[in-house]
Amino acid sequence: MEFKTNLNGHEYGLPIVEIKPGLSIAVFDMLSSKDLAEDSSKALFDKLKASGIDLTKVDTVLSAETKGVILAYNMAQSIGCDMVILRKEHKIYHKEVTQGAVNTYTTKNEHFLYLDNNQIPKLKGKNVLVVDDVVSTGSSLDAMENILGQVGANIYAKAFVFAEGDAAERDDVIYVNSLPLF
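In our numbering, the protein residues as written are 40 to 221.
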């Protein structure tokens, strides 16, 4: 079974997968398709422009590993600004980090996002555009907001390719399409 969606004028079928008894989601995996990654990035960029966000005021694009890397790179490239990626592991070469906790539908246990503190100058006092593939429970977004708050960044806008379930009712995020829960 698939959920049909349109991104940048192209139709895609997202497989519907049960993640726990009584709850299934449409899996959005742009890491496995160049076309889906390009169409997602273009659709999100166009949605941001259409929403009235002044992209010339964005200093830095921020996202989290893994799927967010593609979006962050493409948004930063299109806007002409820098980017920062929050890591899912505290790397040994990160001497000091800032962290935030995450609990999502798609991970079994609580995990953390880590900011290498060497990246703080790209964020402190800067207008930051937060991007990611899907906002659902809001846990990953909460962790990103927490980290940005700790380092004194200004969250300029929060943008996602999809808002899943109740997240589609949020008025503080910009998204291209909604995804139902099944």
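Backbone N, C-alpha and C define an ideal beta-carbon position, used for all residues, glycine too.
Bear in mind that the values here come from a model prediction, so they are computed numbers and not experimental data.
Practice prompt. In angstroms with no decimal places, state the Cα-to-Cα distance between Val-170 and Tyr-51.
Written response: 21 Å
Item to complete: Identify which residue in Gln-189, Val-56, Lys-81 has its Cα closest to the Cα of Val-215.
Response: Lys-81
Fill in: Bridge-paired residues (DSSP) for His-150
Val-141
Practice prompt. Could you please give the first and the last residue of the uninterrupted beta strand (DSSP E) stretch that includes Phe-221?
Written response: Careful: Phe-221 lies outside any beta strand (DSSP E) and carries neither H nor E.
Discussion item. Report the start-end ranges of each beta strand (DSSP E) in the segment 48 to 100 that is 3 residues or longer and not cut off at the edges.
Written reply: 49 to 59, 62 to 65
Worksheet entry | Terminal residues of the alpha helix (DSSP H) in which Met-184 lies | Note that residue 184 is Glu in the sequence shown here, rather than Met. It spans 178 to 189 - the alpha helix (DSSP H) in which Glu-184 sits, taken as one unbroken run.
Worksheet item: With contact counted as at least three CB pairs below 8 Å, one residue from each stretch, are the segment 168 to 187 and the segment 204 to 218 in contact?
Response: yes
Worksheet entry | Inter-residue spacing [alpha-carbon to alpha-carbon] between Ser-71 and Met-183 | 25 Å
Worksheet item: Does the Cβ of Val-56 have 16 or more other Cβ atoms within 10 Å, making it buried, or fewer, making it exposed?
Response: exposed
Item to complete: Going by CA-CA distance only, name the one from Gly-188, Phe-199, Glu-208 that's closest to Leu-46.
Response: Phe-199
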